[in-house]
Amino acid sequence: MLGWLFRSAKCHICGQKAVEPRNYFSNDGKPVKVCFKCVDYAERRALRKR
């Protein structure tokens, strides 16, 4: 019942649990979470910061 409240975010790049997630916008303009390991790759892919 409260699963949505405690659900952890998944990384948009690697699909795993986002540890220390950063907020970005995808190419579609939708907000996405990216884990700290994938931040460099997200910036190379030109995802915009929120």
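Under the numbering used here, the first residue of the sequence shown is numbered 81, with each subsequent residue one higher.
Each residue gets a CB set at the ideal place from its N, CA and C atoms; glycine is no exception.
Remember, it's a predicted structure, so these values are computed and weren't measured experimentally.
Exposure of residue 121 is indicated by the presence of fewer than 16 other C-beta atoms within 10 angstroms of its C-beta.
Secondary-structure assignment with DSSP links residue 104 through a beta bridge to 112 and 129. Note on geometry: alpha-carbon atoms of residue 128 and residue 99 lie some 19 Å from one another.
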